[in-house]
Amino acid sequence: MSETREVLLVMHPDRETTKDAAREVATRFAEAGIGLRVIDDEVKELIEHESFDELCSLVAPHDDPARGAELVLVLGGDGTLLRAAELARPARVPVLGVNLGRVGFLTEADSDALTETVARVVSRDYTVEERMTIDVTVSVEDRIVARTWALNEASVEKSTRERILDALIEVDGRPVSAFGCDGVLCATPTGSTAYAFSAGGPIIWPDVEALLVVPSNAHAMFSRPLVVSRDSVITVGVDPHGSPAVLTCDGLRHIALPRGARVEVVAGEVPVRLVRLHPGPFTDRLVHKFALPVKSWRERHAR
4 MSETREVLLV
14 MHPDRETTKD
24 AAREVATRFA
34 EAGIGLRVID
44 DEVKELIEHE
54 SFDELCSLVA
64 PHDDPARGAE
74 LVLVLGGDGT
84 LLRAAELARP
94 ARVPVLGVNL
104 GRVGFLTEAD
114 SDALTETVAR
124 VVSRDYTVEE
134 RMTIDVTVSV
144 EDRIVARTWA
154 LNEASVEKST
164 RERILDALIE
174 VDGRPVSAFG
184 CDGVLCATPT
194 GSTAYAFSAG
204 GPIIWPDVEA
214 LLVVPSNAHA
224 MFSRPLVVSR
234 DSVITVGVDP
244 HGSPAVLTCD
254 GLRHIALPRG
264 ARVEVVAGEV
274 PVRLVRLHPG
284 PFTDRLVHKF
294 ALPVKSWRER
304 HAR
């Protein structure tokens, strides 16, 4: 009996180039005898092709669509990949991103390498690495009201622009600093190149087992980013006499935080698995994605 191989396709919903790429992927996988799953509500909006239904099976987003799939293939940018990770993580299925967006730091291949990328999937010529996640718990008056997770970051932010968030940061049950701010970001090493980087945090190599705390626009003398052990417990408390806030994880999951809420962040129990096609070090990826200058002034101005 031959093995049945299936791939779940997740696409950016707003780009014309995604339609063309999706059609190419569907056709090439069909030629290789690999089944393609597509989330049904995306297909209705994105794909208008007479033979597409014959190449793909439709799955609902709430029916654990990644379970049993070989991998999740993403056509889009980092936001689309984060949405795909939400589907892939419960089934522990690896995610492969093809960048159709801008920087695409989490994505592995660019759009001009789509044909090669599909061929590598067909031949199983890839590796998989695990990325640390965070588990997030929200409590109010010692009562847990929500649980969620993130691959990049959990951000506790003021809920209205004209207000200031009064926050208390604790590490391992001990207070570190309290201040007014726009927000506090708790990030993974993977997330250190995302929102936390924009807020002034350091870049952490993905194989470093650590958690990152980055205050955003804090009104305080001591508001530097903190890097703590992956075994630490980070708590961000919202002042019971201050303004309410909002918790956002990976820009996808939003939870309203009343006054006095406490957000606890720990290393996640379930990682996200990312497909790698290129074995080079993270340093090379950093230089490539941010287009960093790596020649000294002497080399640039040599006669």
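In this text, residue positions in the sequence shown follow the working numbering: the first is 4, and each later residue adds one. Beta carbons are placed, not taken as given, at the ideal position from N, Cα and C, and that holds for glycine.
With DSSP as the reference, identify every bridge partner of residue i, one or two as the case may be.
i           : result
residue 102 : 79 and 113
residue 137 : 153 and 270
residue 257 : 251
residue 222 : 183
residue 288 : The partner list for residue 288 (beta bridge, DSSP) is empty, contrary to what the question assumes.
residue 60  : 40
residue 130 : 279
residue 240 : 171 and 265
residue 13  : 77
residue 229 : 216
Reducing DSSP to helix, strand and coil, say where residue i ends up.
i           : result
residue 194 : helix
residue 4   : With a pLDDT of 45 at residue 4, under the threshold of 50, the modelled position of that residue is not reliable, and the figure given next carries that caveat. Note: residue 4 maps to coil in three-state DSSP.
residue 123 : helix
residue 74  : strand
residue 39  : strand
residue 235 : coil
residue 295 : coil
residue 144 : coil
residue 213 : strand
residue 28  : helix
residue 308 : Residue 308 lies beyond the residue range present for the chain, which begins at 4 and ends at 306; the question has no answer from this structure.
residue 86  : helix
residue 67  : coil
residue 23  : helix
residue 33  : helix
residue 94  : coil
With 16 other CB atoms within 10 Å as the buried threshold, where does residue i fall?
i           : result
residue 219 : buried
residue 4   : Because residue 4 carries a pLDDT of 45, less than 50, the predicted location of this residue cannot be relied on, and the following value inherits that uncertainty. With fewer than 16 other Cβ atoms within 10 Å, it is exposed.
residue 100 : buried
residue 15  : buried
residue 25  : buried
residue 20  : exposed
residue 135 : buried
residue 68  : buried
residue 163 : exposed
residue 237 : buried
residue 118 : exposed
residue 86  : buried
residue 178 : exposed
residue 158 : buried
residue 193 : buried
residue 147 : exposed
residue 88  : buried
residue 191 : buried
residue 107 : buried
residue 186 : buried
Out of the options, point me to the one whose CA is closest to residue i's CA.
i           : options               : result
residue 286 : 207, 136 and 228      : 207
residue 232 : 71, 80, 210 and 247   : 210
residue 150 : 156, 158, 157 and 141 : 141
residue 131 : 274, 295, 291 and 298 : 274
residue 43  : 29, 61 and 28         : 61
residue 183 : 235, 177, 169 and 175 : 169
residue 175 : 9, 230, 104 and 90    : 230
residue 196 : 77, 247 and 290       : 290
residue 173 : 94, 82, 268 and 91    : 268
residue 257 : 127, 114, 133 and 161 : 161
residue 120 : 27, 104, 144 and 63   : 27
residue 79  : 33, 97, 40 and 109    : 109
residue 77  : 65, 114 and 63        : 114
residue 271 : 264, 247, 284 and 214 : 214
residue 261 : 216, 143, 188 and 298 : 143
residue 188 : 234, 293, 239 and 243 : 239
What do you reckon, is the C-beta of residue i under 6 Å from a heavy atom of the ligand ZN?
i           : result
residue 248 : Questions concerning the ligand ZN fall outside what the structure shown contains, since it holds no ligand whatsoever.
Practice problem: May I have a chain-ordered list of the alpha helix (DSSP H) segments no shorter than 4 residues that lie completely inside the stretch 158-193? | Solution: none
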